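K.L.:
The sequence shown lines up with residues -15 to 211 when you count with the numbering used here.
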Amino acid sequence: MKCDEIFAALAMLEKERGIPQSFMMGKIIQALTTAYKRDHEGVEYVVVDVDEEKKDLKMYVQKEIVEEVENPASQISLEDAKRISAKNELGGMVNFPVESVEFGRIAAGNGKQVIIQGLREAEHGMIYDEWGSKQHEILTGTVSRIDPRSGNVMLRIGTGAEATDAVLTMNEQVPGEELHEGQMVKVYLVEVRRSTRGPQVLISRTHPGLVKRLFELEVPEIYDGTV
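#1: Report buried or exposed for Val211, applying the criterion of at least 16 other Cβ atoms within 10 angstroms of its Cβ.
#2: So, does the stretch 55 to 70 touch the stretch 5 to 18, judging by three or more C-beta pairs under 8 Å?
#3: So what does Gly125 bridge to, in DSSP terms?
#4: Give the straight-line distance between the Cα atoms of Gly109 and Gly182, rounded to the nearest whole angstrom.
#5: May I ask you to verify whether the stretch 171 to 190 touches the stretch 119 to 133, counting CB pairs closer than 8 Å and requiring at least 3?
#6: Note down the Cα distance separating Gly26 from Ser69, rounded to an integer number of angstroms.
#7: Measuring straight from C-alpha to C-alpha, what distance separates Thr124 and Ser84?
#8: Val185 to Thr126, Cα distance in whole Å?
#9: So, under 8 Å CB-CB, Glu165 and Arg129 are touching, yes? Tell me the CB distance rounded to an integer number of Å.
#10: In chain order, which beta strand (DSSP E) runs of at least 3 residues are fully inside the stretch 37 to 115?
This is the structure we're talking about:
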């Protein structure tokens, strides 16, 4: 089945968001095979062939060659397999193409949802990798919003596609310090946690590590262990 639009969408995501096409294609294939198995009871083996050059996807149901068929949805007798090809042997697999109409129906019903979900997962993973590598470092963020009720401060850290939001809670702020929207402040990245809503970047302006890192930046001998 020609899938020019899917390949074009994945190429755009890779170019604009830095998400590898292989990652997204893997998500799409997983969703397509799962959907087919869900709709066809007894089917065990489903594969999708990807032809990047022709922008083409083909789905096949694989049936195992057995002496005696117990599950017609996933098995084929050696006798029948030999009729298809004399080279087929016991224990091998025979591919049966899924009709383009049915494959197209499955793809249309799952493609958009899978791309959205895959995009979310990829972005979460990229955020975790990007900021996880900066744990225990000093970062500069810009105050984007201050919650008047809780006093929590929302900071925008980083630039471009790698930028993310982090919350500087009241108990991690310097007592008596007043921050303002648009102000740039240094914070200490305490930890990056995985959560169902995406990575959580935990920052502080009172953590002991902040003072230590500031000293290391000002006095190189502390950083390299000389003193």
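Cβ atoms here follow ideal geometry from the backbone N, Cα and C, with glycine treated the same way. No experiment lies behind these values; they were computed from the predicted model shown.
P.N.:
Quick answer:
#1: Here residue 211 refers to the residue found at position 227 of the sequence shown. Residue placement at Val211 is poorly supported in this model, since its pLDDT is 41, which falls under 50; the coordinates are not used for a value here.
#2: No: fewer than three Cβ pairs fall under 8 Å.
#3: Taking the first residue of the sequence shown as position 1, residue 125 is located at position 141. DSSP, once it has assigned bridges, lists Ile141, Val169 as partnering Gly125.
#4: Your numbering for residue 109 matches position 125 in the sequence shown. Your numbering for residue 182 matches position 198 in the sequence shown. Cα to Cα, Gly109 sits roughly 8 Å from Gly182.
#5: yes
#6: The count along the sequence shown starts at 1 and reaches residue 26 at position 42. The count along the sequence shown starts at 1 and reaches residue 69 at position 85. Cα to Cα, Gly26 sits roughly 24 Å from Ser69.
#7: Your numbering for residue 124 matches position 140 in the sequence shown. Your numbering for residue 84 matches position 100 in the sequence shown. One C-alpha to the other measures close to 53 Å.
#8: Residue mapping note: residue 185 aligns to position 201 of the sequence shown, counting from 1. Residue mapping note: residue 126 aligns to position 142 of the sequence shown, counting from 1. Rounded to the nearest angstrom, the two C-alpha atoms are 15 Å apart.
#9: As a working mapping, residue 165 is identified with position 181 in the sequence shown. As a working mapping, residue 129 is identified with position 145 in the sequence shown. Right, the Cβ-Cβ distance comes to about 7 Å (below 8 Å), so this counts as a contact.
#10: List check, beta strand (DSSP E) in window: 40 to 50, 59 to 61, 77 to 81.
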